[in-house]
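Chains as they are written, first to last, in my numbering: chain A, 22 to 751; chain B, 24 to 93; chain C, 8 to 167.
Input: a single structure, listed below in structure tokens.
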């Protein structure tokens with residue numbers, strides 16, 4: 022007998038403005054899809070059920086659940102609020118119809134708000150009264166709703182929709198799947214098993230039996246003491262047993278302490294596991310980033326100092342840019358200095374002649390040339406006197422040289438100028454040498470400078486973009502819950518992770534030793550008990566011994582039975598989970614592999630994916646991880662030995678799944694849930710003609726899908742006017 | 024019935040079946056209602072039944088003592 | 008006066024610039040401080056040399072305002088550690104004989120006070136060509152035509 026939701030209607034509920042009839046979703050058995058973008062009513066859908074079951078709604082601002090009464094003003098549709106004048110009232114509510122095989126029910130929950138002052142959004146501006154919950158009932162043959170008055174029956178009807186203990190597995194929002202099924206937490210699987218089995222009964226019985234065994238032993242010992250055949254050895258044995266039992270209690274306590282430590286460390290490790298993998302990657306990238314940073318800094322420095330140095334090339338003799346355009350000036354200078362020297366020479370010669378006329382004229386033959394002419398003749402390699410060539414190396418030339426070089430009698434080199442500036446000008450030319458030969462080279466030099474600058478800039482840009490890419494890679498590796506990007510963070514996580522593994526190992530070895538020791542003690546106790554039995558007086562009424570023995574036997578048997586029931590259920594869950602998993606991944610390329618529930622020393626269960634070769638597969642995609650968990654959730658529902666008769670209301674993050682998963686998902690869900698209502702946003706494409714993505718269009722055509730709704734919000738309208746319009750496509 | 028299921032599960036323990044000579048077909052037909060063919064079956068049935076009736080441990084023990092005539 | 012003395016007298020002089028040029032000097036020379044949107048020279052004398060050579064290229068000589076409106080700075084001899092630059096500049100300067108109205112050979116026969124006058128004329132020439140160059144730069148600056156690039160100065164120099 023399945024419960025099937027027939028319809029959900031909203032009145033002035035968040036974005037849904039208007040009467041119940043205006044916002045009504047009709048659903049059928051099978052898969053129903055409601056496409057809604059964020060803000061277009063997706064989470065509001067859930068809120069309706071939160072209200073129905075728990076009288077709460079989820080505050081989308083802080084993601085916390087709030088009581089309907091306290092939060093009422095925000096629940097009322099903005100548009101409706103706006104239309105309500107002071108003194109008037111507005112009603113907000115939800116209405117759900119569902120059927121079982123026999124009956125159909127209608128549940129209405131609402132509240133009335135009276136406006137008492139101006140500010141619409143102020144909680145104080147409204148007076149809220151919660152209306153009585155209305156529950157109506159009809160049979161299918163003659164449908165006419167009749168109200169249900171009995172409070173207990175009303176509650177029963179609500180519970181019938183989705184069984185309270187199974188609500189968490191059939192009614193959830195996407196991210197919650199992750200939270201719900203965290204198998205590293207021992208309690209998570211225990212809760213599931215508890216829901217599915219009568220294990221609590223076994224626990225009750227185990228407690229009772231333990232109590233009885235204690236009492237039986239006490240009674241037996243009392244009897245033993247009261248008989249006349251009391252003896253010392255028995256006394257000693259009883260004492261020994263008592264001591265051993267105390268020791269056992271202590272060791273058992275220690276064991277549970279270490280189990281707790283192990284669990285805590287394991288929990289931490291699991292929490293960090295994802296982060297650890299990320300942290301290692303991040304650390305690697307961090308190292309790369311800091312290396313690149315250093316390089317970049319170096320190159321930047323080089324580049325900057327290069328740029329700064331460009332203008333130095335004006336004044337640096339190696340480049341001599343300042344000389345550009347002054348070639349003519351310099352040639353001018355060279356001419357001038359030649360003229361200058363020539364004139365000086367002439368001056369000097371004249372002075373010499375004037376000073377030493379005799380020198381000049383007596384030594385040479387009367388028609389000998391004067392010194393200047395002599396020099397000219399030597400230079401031009403021609404004798405003007407005889408008008409004959411006197412080439413260098415010839416006898417004639419040598420004779421001229423001899424004449425010129427004849428010793429002067431008077432070698433007083435009197436200064437022939439007041440200020441001898443020959444050196445001044447000459448040295449200028451000599452010293453300025455680096456600047457005098459670069460004129461032609463300057464344009465090339467400038468070009469080369471530009472090229473070098475470009476080169477450096479390119480290197481800089483390349484490094485920069487490499488660095489950027491590294492940084493963005495690093496950013497993509499999210500470390501959940503840690504907003505900071507510091508390298509310390511990555512190292513901390515790595516250390517924490519390693520620390521928790523160490524603690525697990527330590528605890529594990531202690532646990533082993535304790536278990537051994539406990540086993541030892543138990544054996545000793547058993548032996549002591551045998552001794553005691555032998556030593557007991559034979560004339561104790563049988564009832565006492567039988568009582569004692571039976572209760573003792575039952576203690577162990579009950580505990581073991583409980584274990585078996587637990588293990589059987591886990592095994593059953595494993596089988597179901599694998600079945601569901603296979604149908605979920607039917608269209609994916611994943612080869613072989615099974616889900617394995619591994620029991621940890623502390624009694625927790627870890628969910629592993631083992632491939633064909635028996636190796637653990639980890640690090641798979643997000644969609645894959647979700648699928649694993651969905652498989653387990655579904656197994657919890659289907660392993661429920663009675664057929665699961667409740668609808669699934671789920672928020673499916675299809676984009677995280679991927680196309681192949683989606684197909685598998687929509688086919689596998691109906692295997693477990695007679696009815697499912699899936700809310701998605703990933704099928705919405707506002708730019709496409711029918712507002713659906715490709716996947717959305719595919720699903721529309723799929724026979725599995727029975728109804729298909731599209732929620733839309735007109736974003737052009739103002740906040741107040743913005744309401745959700747629903748459109749039924751199928 | 025759940026009670027029977029629990030009874031059988033606990034008594035299916037190998038040590039018990041051996042010690043108290045409970046045969047397989049016997050085990051499969053055990054119920055928590057009388058008549059009881061073995062003491063241990065009676066004791067456990069009482070515990071299971073009275074637990075469902077919300078009797079506490081000491082009250083259950085009193086009943087058991089009567090069974091054992093002590 | 009001999010060559011050494013002549014040179015020494017010359018290079019110990021400190022050329023002057025108009026105070027009104029100070030903003031421009033600060034914009035285009037940084038003396039080690041970083042703070043301009045334009046390419047910069049380092050010390051002021053670099054800018055000064057540049058301006059003077061630009062002035063000489065463009066043949067723009069601009070007299071300075073009265074002395075009290077001017078300031079001096081580093082002596083010529085101390086411009087750049089090695090003297091090849093200064094000697095080169097002097098080569099160019101002494102080529103402007105028309106400007107200087109001197110004949111090199113005549114220099115050698117002048118009296119000391121005359122020579123000193125020549126020296127002072129040379130300095131004036133330097134100052135006025137520099138002023139002309141600075142005026143040119145300032146006009147470009149005012150018109151916003153100074154390019155904000157590291158090649159500002161060389162580009163300008165090449166087109167002058």
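C-beta atoms are modelled at their ideal positions from N, C-alpha and C, and glycine is treated no differently.
No experiment lies behind these values; they were computed from the predicted model shown.
Output yes or no for whether 8 Å exceeds the beta carbon distance between residue 35/C and residue 54/C. yes
Can you find the residues in the same chain that come closer than 8 Å, C-beta to C-beta, to residue 40/A, ignoring five residues on each side of it along the sequence? 32
Shorter than 8 Å from the beta carbon of residue 502/A to some beta carbon of chain B? Note on residue 502/A: pLDDT 43, under 50, position unreliable in the model; the coordinate value appears next. It does not; no Cβ of chain B falls within 8 Å.
Under 8 Å by Cβ, that's how I've got residue 729/A and residue 605/A pegged, so tell me the actual separation to the nearest angstrom. No, residue 729/A and residue 605/A are not in contact; Cβ-Cβ is about 21 Å, not under 8 Å.
May I ask you to report which of helix, strand or coil DSSP gives residue 84/A? coil
Just to make sure I have the definition right: I need the residues of chain B whose C-beta is within less than 7 Å of the C-beta of residue 243/A. Which are they? Simply none; closest approach about 11 Å.
Output yes if chain A places a C-beta closer than 8 Å to the C-beta of residue 129/C; else output no. no
Proximal chain C residues relative to residue 450/A, where beta-carbon distance stays under 7 Å: 98
Skipping 5 residues on each side, what residues in its chain have a beta carbon closer than 6 Å to that of residue 669/A? 191, 694, 697
Within 8 Å of any Cβ in chain B, is that where the Cβ of residue 593/A sits? no
Strand pairing of residue 404/A, partner residues [DSSP]: 409/A
Residues near residue 594/A by beta carbon distance below 6 Å, same chain, minus five either side: 656, 660
Mind checking who residue 118/A pairs with in its DSSP beta bridge? 28/A, 127/A
Rounded C-alpha distance that separates residue 138/A from residue 94/A: 13 Å
Shorter than 8 Å from the beta carbon of residue 438/A to some beta carbon of chain C? yes
Alpha carbons only, please: which of 748/A, 686/A, 553/A, 129/A is nearest the one belonging to residue 169/A? 129/A
For residue 168/A, the residue or residues it bridges with in DSSP: 157/A
If we define contact as Cβ-Cβ less than 8 Å, is residue 148/C a contact residue for chain A? no
Kindly indicate if chain B contains any beta-carbon less than 8 Å away from that of residue 585/A. yes
Check whether the segment 354-371 of chain A touches the segment 437-451 of chain A, counting contact only when three or more Cβ pairs, one atom from each stretch, lie closer than 8 Å. yes
Members of the segment 456-486 of chain A that neighbour chain C once the beta carbon cut-off is set at 9 Å: 456, 457, 463, 464, 467, 470, 471, 474
Would the beta-carbon of residue 119/A fall within 8 Å of that of residue 26/A? yes
Taking the alpha-carbon positions, what's the residue 385/A to residue 423/A distance? Reliability of the predicted coordinates at residue 385/A is poor, the pLDDT of 49 falling under 50, and no value is obtained from them.
Interface flag, residue 104/A vs chain C, CB-CB below 8 Å: no
Let me make sure I understand the geometry here. Which of 230/A, 528/A, 596/A has the alpha-carbon closest to that of residue 81/B? 230/A
Drop a sphere of 10 angstroms on the beta-carbon of residue 567/A, count the other beta-carbons inside from all chains shown, and report buried for 16 or more, exposed for fewer. buried
Along the chain, where does the beta strand (DSSP E) that runs through residue 31/B open and close? Residue 31/B -> not in any beta strand (DSSP E); alpha helix (DSSP H) instead, spanning 25-34.
Could you list which residues in chain C have their beta carbon closer than 8 Å to that of residue 323/A, in chain order? Chain C residues near residue 323/A: none, gap ~14 Å exceeds 8 Å.
Continuous beta strand (DSSP E) stretch holding residue 619/A: start and end: 615-620
From residue 77/C to residue 27/C, what does the alpha carbon distance come to, in whole angstroms? 8 Å
Spell out whether any CB of chain C is found under 8 Å from the CB atom of residue 431/A. Residue confidence is low: residue 431/A scores 49 on pLDDT, short of 50, so the model does not pin down where it sits. No coordinate-derived value is stated.
Taking 8 Å as the CB-CB limit, is residue 46/C close to chain E? No chain E appears in the structure shown, which is made up of the protein chains A, B and C.
Pick helix, strand or coil for residue 559/A, following the three-state DSSP scheme. coil
When DSSP labels each residue in this structure, what does residue 424/A get in the three-state scheme? helix
Helix, strand or coil, according to DSSP, for residue 79/B in the structure here? coil
If you draw a straight line from the C-alpha of residue 86/A to the C-alpha of residue 290/A, how long is it? 29 Å
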